[in-house]
Amino acid sequence: MRNHKMMFVPILMSFIAVLFFAANLQAGEVYKLALSLAITGPTSDAGNPYAKGVEDYFRFVNDTKMLGDDRIECTIRDDQYKTDVTKRNFEDFLDQGIVLYLNYSTGSTMGLKRDFEEEKIAVIPASFHAGNLVDSNYIFLPIASYSEQTIGLAEYVANNHKGDKPKVALFVHPSAFGRGPVEDVEKAAKAGLNIEVVEVVEHGQDLDNTAMLKRLKSKGVQYVISQTVQSPVATMLKDAARLGYTAKTFGEAGKITFMGAHYTGGNDLIALAGAAAENFFWTTSYKLTSEKSAGADAQLALAARYGRDEKAANSHNYTNGIMVAQVATEVIKRVKKQGLKVNRKTLYDELNQMNGAKAFQPDTTVGPVTYSKTDHAGVDTLQLYRVDGGVFRSVGTPFLCEYIKKI
Amino acid sequence: MTYFFQLVLSGVVVGSIYALSALGFVLIYKSSRVLNIAHGQLIATGAFIAYALTVWVGIPIYLSFFISMVLTFFLTMSVERIFLRRLIGEPIISVIMVTIGLMSILDGLIYLTPFGSENFSFPRFLPKEPISMAGVSISWTQLVGVIITFAMIGAFSWFFKKSTVGISMRAVSDDQLASMSIGISVPRVFGLAWATAGLSAAAAGGIIGNITGLNFDTLHAFGITVFPVVILGGLDSILGAVVAGIIMGLIQQFASGYLDGNWGLNGTGTVLPYIILLIILLFKPHGLFGIHEIERV
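Chains as they are written, first to last, in the working numbering: chain X, 629 to 1035; chain L, 8 to 304.
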């Protein structure tokens, strides 16, 4: 009797083990991805909705079995915008066996560039700094670089300004993030772009921009193109409105038309600047929920499905997060479809082939995502938006920055 | 000349807001010789409470500002009671380290709220059109900010010079043991110093929040931005904070107005105040109005 009992235990354990392995076989593969970003700390107003976008889309992929029985497991960690924490997170993620990495800030992307090369892992950051792509093979920008966005705005000025050569000032963040496009815009002007860069303003924690605005006005500046975050732009717009400097229409004579790249705009700018944000011109490659489109509908449905509030659901940085998750999912799908093993190398190779007939249309952007060995900027197309009645509305159709190829 | 006067006006506006922000540092240092590193977080907290009361609770904005000042008054009094009172008599560096911890705790708590990662702006409650005279203009928000600043600074100056409590606070600052020997409650004075600093921080938060919008990074950064003002004025002088604040405001505006954009210069409005601070401190190490203590051994 005692022997029977002793026999029963190993048989039961073997049975459980068989069940466990069978269940695992049934469950399919788990692809580990990771994202380190500022959910709290500086720039968390962008990082927080971005993280929600990534999280929700991967949940959606798993819940709807978009990859069959395979699942995506994306660890999201807060680094509070500190590069040393990002590096520690990245090293942890490598130990977990990630096959693709989503990064965030310009500083950490530049700082970890060598690590990405050594680890041979494809990285999609939230930073669109053109410098990320210099001496790098593994970084893929989701959309057009800050340089491309800023030159794109300058091109719009050159093409639509009436009168003599338009005078432009650049209003930038005093960091690599802000300074990145300055040289490129100046190069574009030298290469024949019909604008005059009168001054480059590096802003601080300014409570009053009167001196700066009066100085620009006295120099005849007609357009201010910003490459920074929303808060300093909002203060500048409020001061400009008080001084009566804000153009009511694009290029209004005797006034200043204010414009900005991706991280200067969106609903956060309207929340900060209020009515002073009216007639601010902004460019990004993302579609907005303020305008009807398949992408916007899908985004709002996704946010509703996972109980996100209205603010997050309508944030362009929520779109930003969804879009990078879409690209990651698509590339995994394509590798799987070819019957290849999903690993760092196959994902990297597949990303580089995302062009021509294989370009990806995520619907959340105004153009297709295209990557190749020589082009690691995803969506090249830009859309101009303008604040009209407290909402960003499209101005014209999506366009491509021409001068980026000439500099 | 209009340009010059506009820069002067803007400098005075910015400077007086710096002075109000710096006041909290001075009030605490004046009575306890402690530098509160978490002051920027208190500025942000005051602004967020006022916004929450106005927009989420529906209280009229003027009343919200007043209530936020009262709430921050009691909040900082509680902070002193819970965290700092037991450190009386301990080395000052320990107390400063506690304020660094306090900064992290307040950061963490604010990050748990929508204010940690979202931007807001106060509803408009003042006329949109600026006040203009002979080509020089000031917004209503700025004007009200300046009036509140000078009213508060005047009230605090009177309080420290004329009221019994204020005089006892100065006495504690001078010599804690001697103050205790004549019956002054040192813990009560410390609590009051923190509470009044909280009150001034909430006022500063309300004004800055109205100018810049409510962004946590921007608001708490003012705790650091006004540090040169506090040092230049002399850590324990209210008058010093006012004078240094206005000097800093004027330097920033003149640098931005006359230097930036010329001779390849840029961002001098941010850097020049620190350069001038260093030069002045070379000659007046205790700041413009700081007390130079002489100890006889």
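Ideal Cβ placement from N, Cα and C applies to all residues, glycine included.
Given the structure is predicted, the values throughout are model-derived calculations rather than measurements.
How many Å lie between residue i and residue j at the Cα?
{"i": "X/Asn-717", "j": "L/Phe-167", "result": "51 Å"}
{"i": "L/Pro-98", "j": "L/Leu-91", "result": "12 Å"}
{"i": "X/Gly-725", "j": "X/Ser-1000", "result": "25 Å"}
{"i": "X/Ala-929", "j": "X/Tyr-946", "result": "13 Å"}
{"i": "X/Arg-870", "j": "X/Gly-1018", "result": "18 Å"}
{"i": "L/Leu-78", "j": "L/Ile-50", "result": "13 Å"}
{"i": "L/Ser-38", "j": "L/Met-255", "result": "25 Å"}
{"i": "X/Tyr-659", "j": "X/His-1004", "result": "23 Å"}
{"i": "L/Thr-9", "j": "L/Leu-16", "result": "10 Å"}
{"i": "X/His-944", "j": "X/Tyr-678", "result": "8 Å"}
{"i": "X/Tyr-709", "j": "X/Thr-671", "result": "7 Å"}
{"i": "X/Glu-814", "j": "X/Asn-980", "result": "30 Å"}
{"i": "X/Glu-683", "j": "L/Ala-251", "result": "49 Å"}
{"i": "L/Leu-266", "j": "X/Lys-1033", "result": "35 Å"}
{"i": "X/Gly-820", "j": "X/Thr-778", "result": "16 Å"}
{"i": "X/Thr-1002", "j": "X/Phe-988", "result": "17 Å"}
{"i": "L/Ala-211", "j": "X/Ala-924", "result": "40 Å"}
{"i": "L/Val-20", "j": "L/Ala-158", "result": "14 Å"}
{"i": "X/Pro-770", "j": "L/Pro-292", "result": "52 Å"}
{"i": "X/Asn-942", "j": "L/Leu-285", "result": "47 Å"}
{"i": "X/Gly-872", "j": "L/Leu-70", "result": "31 Å"}
{"i": "L/Ser-144", "j": "L/Ile-103", "result": "41 Å"}
Does the distance from the CB of residue i to the CB of residue j come in under 8 Å?
{"i": "L/Gly-198", "j": "L/Met-84", "result": "yes"}
{"i": "X/Pro-623", "j": "X/Val-955", "result": "Missing from the structure shown is residue 623 of chain X; chain X here goes from 629 to 1035 and no further."}
{"i": "L/Ser-128", "j": "X/Gly-902", "result": "yes"}
{"i": "X/Ala-754", "j": "X/Leu-897", "result": "no"}
{"i": "X/Asn-948", "j": "X/Gly-681", "result": "yes"}
{"i": "X/Gly-879", "j": "X/Phe-1020", "result": "no"}
{"i": "X/Thr-885", "j": "X/Gln-850", "result": "yes"}
{"i": "X/Val-810", "j": "X/Val-796", "result": "no"}
{"i": "L/Ile-44", "j": "L/Ile-107", "result": "yes"}
{"i": "L/Phe-229", "j": "L/Phe-122", "result": "no"}
{"i": "L/Ile-231", "j": "L/Gly-47", "result": "yes"}
{"i": "L/Gly-240", "j": "L/Phe-290", "result": "no"}
{"i": "X/Thr-838", "j": "L/Gln-13", "result": "yes"}
{"i": "X/Val-963", "j": "X/Val-952", "result": "no"}
{"i": "L/Thr-61", "j": "L/Pro-137", "result": "no"}
{"i": "L/Ile-179", "j": "L/Val-193", "result": "The identity of residue 179 of chain L in the sequence shown is Val, whereas the question assumes Ile. Closer than 8 Å, so yes."}
{"i": "X/Phe-756", "j": "X/Ser-736", "result": "no"}
{"i": "L/Ala-57", "j": "L/Phe-72", "result": "yes"}
{"i": "X/Lys-915", "j": "X/Thr-993", "result": "yes"}
{"i": "X/Asn-676", "j": "L/Ser-124", "result": "yes"}
{"i": "X/Ala-804", "j": "X/Met-738", "result": "yes"}
Just reading off the alpha helix (DSSP H) that residue i is part of, what are its end residues?
{"i": "L/Thr-225", "result": "223–232"}
{"i": "X/Phe-686", "result": "672–691"}
{"i": "L/Trp-147", "result": "147–169"}
{"i": "L/Pro-194", "result": "193–219"}
{"i": "L/Ile-99", "result": "99–118"}
{"i": "X/Val-785", "result": "774–788"}
{"i": "X/Asp-602", "result": "There is no way to answer for residue 602 of chain X, as the model of chain X reaches only from 629 to 1035."}
{"i": "L/Ala-59", "result": "No alpha helix (DSSP H) holds L/Ala-59; DSSP gives it neither H nor E."}
{"i": "L/Arg-88", "result": "Segment: none, L/Arg-88 is in no alpha helix (DSSP H) and carries neither H nor E."}
{"i": "X/Gln-989", "result": "Run containing X/Gln-989: none; DSSP gives neither H nor E here."}
{"i": "X/His-944", "result": "944–965"}
{"i": "X/Leu-975", "result": "972–980"}
Mind checking who residue i pairs with in its DSSP beta bridge?
{"i": "X/Met-887", "result": "X/Ile-853, X/Phe-909"}
{"i": "X/Thr-703", "result": "X/Ala-662"}
{"i": "X/Gln-708", "result": "Bridge partners of X/Gln-708: none, in fact."}
{"i": "X/Glu-824", "result": "X/Lys-795"}
{"i": "L/Thr-9", "result": "Note: L/Thr-9 sits in no beta bridge, so no partner."}
{"i": "X/Asp-1016", "result": "X/Val-1019"}
{"i": "L/Tyr-281", "result": "The partner list for L/Tyr-281 (beta bridge, DSSP) is empty, contrary to what the question assumes."}
{"i": "X/Gln-927", "result": "BP columns for X/Gln-927 are empty, so no partner."}
{"i": "L/Ile-245", "result": "Partner(s): none; L/Ile-245 has no beta bridge."}
{"i": "L/Met-140", "result": "L/Val-143"}
{"i": "X/Ser-1000", "result": "X/Asp-1003"}
{"i": "X/Leu-1028", "result": "X/Thr-1009"}
Could you check where the beta strand (DSSP E) with residue i kicks off and where it finishes?
{"i": "X/Tyr-729", "result": "728–730"}
{"i": "X/Val-1007", "result": "1005–1007"}
{"i": "X/Pro-770", "result": "769–771"}
Would you be able to state if there are at least three C-beta pairs under 8 Å between the region 197–216 of chain L and the region 21–39 of chain L? yes
Would you say the region 41–56 of chain L touches the region 268–277 of chain L, given that touching needs at least three Cβ pairs under 8 Å? no
May I ask you to verify whether the region 903–912 of chain X touches the region 858–870 of chain X, counting CB pairs closer than 8 Å and requiring at least 3? yes
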